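Take any residue in the sequence shown, note its place counting from 1, add 9, and you have its number in the working numbering. Backbone N, C-alpha and C define an ideal beta-carbon position, used for all residues, glycine too. These figures come from a predicted structure and were not determined experimentally. Structure first, then comments.
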Amino acid sequence: MACNATRIKGFADMFPPDSDVFTRMETLARRIFGQCGFVELRTPVLEYTDLFKRSIGEETDVVQKEMFTFPDRKGRMMTMRPEATAGVMRAYIESSLHTRESVSRLFTTGPMFRYERPQKGRMRQFHQINCECLGSDSPYADADLIMMLTRYIRALGLKDVSLKINSLGCSRCRPAFKEALVAYLRDKADGLCEDCARRLETNPLRVLDCKQPGCKELTEGAPRLLEHNCPECRAHFDTVLELLREQGVPFEQDDRLVRGLDYYCRTTFEVVSGSIGAQSAVAGGGRYDGLVKSLGGPDVPGVGFAMGMERVALLLAEQEAPRKDFFLVVLPGDDGEQRRHQGFSLTQRLREAGLSGEMCFSDAGFKSQMRQAGKCNARHCLILGPDEAAQEAVQVKHMDSGEQRLVPMKELAAALEAE
Ligand code: HAM
10 MACNATRIKG FADMFPPDSD VFTRMETLAR RIFGQCGFVE LRTPVLEYTD
60 LFKRSIGEET DVVQKEMFTF PDRKGRMMTM RPEATAGVMR AYIESSLHTR
110 ESVSRLFTTG PMFRYERPQK GRMRQFHQIN CECLGSDSPY ADADLIMMLT
160 RYIRALGLKD VSLKINSLGC SRCRPAFKEA LVAYLRDKAD GLCEDCARRL
210 ETNPLRVLDC KQPGCKELTE GAPRLLEHNC PECRAHFDTV LELLREQGVP
260 FEQDDRLVRG LDYYCRTTFE VVSGSIGAQS AVAGGGRYDG LVKSLGGPDV
310 PGVGFAMGME RVALLLAEQE APRKDFFLVV LPGDDGEQRR HQGFSLTQRL
360 REAGLSGEMC FSDAGFKSQM RQAGKCNARH CLILGPDEAA QEAVQVKHMD
410 SGEQRLVPMK ELAAALEAE
C-alpha cells in the first residue's frame, strides 16, 4: 500500500516568515514575562482525559466535541492537551510548588489540539503562549497580568487590537445569576439555536456569547452578570478596572464575555482583533480561584491567560513581512569563483557584525539573482562584479528607493547599520 504522505487536516507545517514570527514571539515572551517574575514550565502534550474533563468542564464544547482522545495500549483514556492550564495545574499540585513559594508565576508555550472545523485562524493543532499566576487572590494580580499582556502585545507591534473585560462573579453569586438567566430564557428556548437550546440546560452562561443573530437578539434584555455580582466580586472588579485606568490601558467592558471554559470566576478578559475574520480572539484568560482545589490540590487562587500564536502570526503577516538587511549578488564570469569566495567571506563578516542576509551560491545570471534578492525581501542588494572586486568594494542598491552607491567592503557593516 502507498504511504499516505499528506498532512492531517487542520495540522500545518510552518515555514518562514511564520516560523520566524513564532521564534520572535517566544524570545520576546521570555524577556517580558521574565521581567514580571515568570519562569518557564514545560508540560507534556498528553494527559489523562479525566484531567481535562474535571478542569475545563464536562459540558463545555472543548470537552464535548473537540478533544483528541484515545485509549493507550492498556485501555487508559488519554487526551492531546486542548489547552495548557489543566496540565500546569496538575504539575503545580504534583510538585507541591505551593510549599516552596507563596506566589508562582509560570509560563508555557507549545502545541495544543482541538478537533474544530479548520478555518482562517482556527487549526486543529495550534500553539499557545500561556501564563498562570498562582497564589494571589488580589485584584492587583489580575491587573498586573493584564498589564504584562498589553506590554507584550505592544512590543510585538500588534495594531488594532482591543481588550474586552468582564466579571463572572464567584461560586456564591453566580448560581443566582444562572437561575435568573435560565428563567428569562426558558420561554424563549424555541428561538435559540440548537446548541444554545442544549446549553440552556447544561451551560446557560454560554448562551450569552453565542454569535448566532437569533440568540444575540433573544439575549438583548437578559439579566446582566455585573448586576448579580456580590459586593466582594464587585469590589474586586472595580479595583481591577481602576488599576487599568490609572495605567492608561484602554478596555471595553463586555458583559457578554463569558469564555468557553468552566473554571473561570470573577475577572475574565479577551484581546480581540478586527482584522482576522471570525476567529477574532488573539488571547483570552481570567481568574480561576477554585480550580486547584477541585483537582485535589490546596486552596490556591489563580489567574492566567493564553495567546494564540497562529492568530498573532496572521496579524503580523498582514502588517509587515520581516526584512533582511542584505542579499549579495555575485556576478558570474571570469574570476567568478574567486569573487564568490570574496563574497562568502563578506557575508560571514556582515553576519558577525549582527546583520541578517544571504548570498546566491549558483552561477545564475544577474537578472535571476536580482529576482532572488527581491523575493528575499532584503532592504539592500549588494552587487559584487569584477570592477567592485578589484576595488574591495560592492555596489549597494537600496531596494525601495533604487538608489545605488559604491561602498568599500570594510565600511559596509557600519554603512548598512546606519540606514
Ligand atoms: P482559550 O480562549 O480557549 O483559553 O484559548 C486562548 C487562545 O488560544 C484564543 O484566544 C486563541 O487565540 C487561541 N486558540 C484557541 N483555539 C484555537 C484554534 N483552534 N486555533 C488557533 N488558535 C486557537 C484557554 O485556552 C485558557 N487555557 C486560557 C487561560 C490560561 N485561562 C487562564 N489561564
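(message) In this structure, how does DSSP classify isoleucine 155 when only helix, strand and coil are distinguished?
(response) For this step, residue 155 is matched to residue 146 along the sequence shown. Correct three-state label for isoleucine 155: helix.
(request) Quick one: give me the first and last residue of the beta strand (DSSP E) that tyrosine 124 is part of. (result) What you label residue 124 is simply residue 115 of the sequence shown in a count that begins at 1. Taken as a continuous stretch (DSSP letters only), tyrosine 124 belongs to no beta strand (DSSP E), as it is neither H nor E.
(message) Relative to the C-alpha of valine 301, which candidate in Tyr273, Val281, Val321 has its C-alpha closest?
(response) Reading the sequence shown from its first residue, position 292 is the one you call residue 301. It is Tyr273 whose Cα lies nearest to the Cα of valine 301.
(request) Could you tell me whether the segment 311-318 touches the segment 346-360, where touching means 3 or more Cβ pairs closer than 8 Å? (result) The segment 311-318 vs the segment 346-360: no contact.
(message) Quick check: is any heavy atom of the ligand HAM less than 8 Å from the C-beta of phenylalanine 31?
(response) Reading the sequence shown from its first residue, position 22 is the one you call residue 31. Checking the Cβ of phenylalanine 31 against the ligand HAM gives no.
(message) Quick check on serine 282: does DSSP put it in helix, strand or coil?
(response) Position 273 of the sequence shown, counting from 1, holds the residue named residue 282. In the structure shown, serine 282 sits in a strand (DSSP, three-state: E or B).
(request) Determine contact between the segment 162-175 and the segment 323-338, defined as no fewer than three beta-carbon pairs at a distance below 8 Å. (result) Result yes; three or more Cβ-Cβ pairs closer than 8 Å.
(message) Going residue by residue through the segment 76-155, where are the continuous beta strand (DSSP E) segments of at least 3 residues, counting only ones entirely within it?
(response) For the segment 76-155, whole beta strand (DSSP E) runs of length 3 or above, ordered along the chain, are 77-80, 86-89, 113-122, 134-143.
(request) Could you pull out every residue in the same chain whose Cβ sits closer than 8 Å to the Cβ of lysine 18, ignoring the five residues on either side in sequence? (result) Here residue 18 corresponds to residue number 9 of the sequence shown, with the count starting at 1. Hits under 8 Å: Pro127, Arg133.
(request) Count the other C-beta atoms from every protein chain shown that fall within 10 angstroms of the C-beta of proline 53, then say buried if there are 16 or more, exposed otherwise. (result) As a working note, residue 53 is residue 44 in the sequence shown. It is exposed - the Cβ of proline 53 has fewer than 16 other Cβ atoms within 10 Å.
(request) Measure the alpha-carbon distance for leucine 266 versus histidine 407 and round it to whole angstroms. (result) In the sequence shown, counting from the first residue as 1, residue 266 sits at position 257. In the sequence shown, counting from the first residue as 1, residue 407 sits at position 398. Cα-Cα distance, rounded: 49 Å.
(request) Along the beta strand (DSSP E) that carries arginine 296, what are the first and last residues, could you check? (result) Start at 1 with the first residue of the sequence shown, and residue 296 comes out as number 287. Per DSSP, arginine 296 is one residue of the beta strand (DSSP E) stretching across 290-296.
(request) Return yes when at least one heavy atom of the ligand HAM lies under 8 Å from the C-beta of threonine 118, else no. (result) Stepping through the sequence shown from its first residue, residue 118 is reached at position 109. Threonine 118: no, Cβ never under 8 Å from the ligand HAM.
(message) Please state whether the Cβ-Cβ distance between proline 91 and glutamate 75 is less than 9 Å.
(response) For the purposes of this step, residue 91 is identified with residue 82 of the sequence shown, where counting begins at 1. For the purposes of this step, residue 75 is identified with residue 66 of the sequence shown, where counting begins at 1. Closer than 9 Å, so yes.
(request) List the DSSP bridge partners of histidine 389. (result) Numbered from its first residue, the sequence shown carries residue 389 at position 380. According to DSSP, histidine 389 bridges with Phe335, His407.
(request) Run the proximity test for cysteine 140: is its beta-carbon closer than 8 Å to any non-hydrogen atom belonging to the ligand HAM? (result) Walking along the sequence shown from the start, residue 140 turns up at place 131. Indeed, a heavy atom of the ligand HAM lies less than 8 Å from the Cβ.
(request) Would you tell me roughly how many angstroms separate the C-alpha atoms of isoleucine 285 and aspartate 22, rounded to the nearest one? (result) Looking up residue 285 in the sequence shown gives position 276. Looking up residue 22 in the sequence shown gives position 13. Taking the CA atoms as reference points, isoleucine 285 sits about 20 Å from aspartate 22.
(message) Determine whether the beta carbon atoms of leucine 252 and alanine 152 lie at a separation below 9 Å.
(response) On the sequence shown, position 243 is the one that residue 252 refers to. On the sequence shown, position 143 is the one that residue 152 refers to. Contact flag set, yes.
(message) With a threshold of 6 Å on Cβ separation, who are the neighbours of glutamate 125 within its own chain once the five nearest residues in sequence on each side are excluded?
(response) Here residue 125 is taken as the residue at index 116 of the sequence shown, counted from 1. Short of 6 Å from the beta carbon of glutamate 125, and not among the five residues preceding or following it, lie these beta carbons of its own chain, in chain order: Glu75, Arg131.
(request) Answer yes or no: do alanine 292 and glutamate 279 have a C-beta to C-beta separation smaller than 9 Å? (result) Working through the sequence shown from its first residue, we reach residue 292 at position 283. Working through the sequence shown from its first residue, we reach residue 279 at position 270. Closer than 9 Å, so yes.
(message) Our contact map puts lysine 197 next to proline 213 with C-beta atoms below 8 Å; I'd like the distance itself, whole angstroms only.
(response) For the purposes of this step, residue 197 is taken as the residue at position 188 of the sequence shown. For the purposes of this step, residue 213 is taken as the residue at position 204 of the sequence shown. Contact doesn't hold; Cβ gap of about 12 Å is too wide.
(request) Quick one: give me the first and last residue of the alpha helix (DSSP H) that glutamine 73 is part of. (result) Sequence index remark: in the sequence shown, residue 73 carries index 64 (1-based). For glutamine 73, the enclosing alpha helix (DSSP H) has its first and last residue at 70-74.
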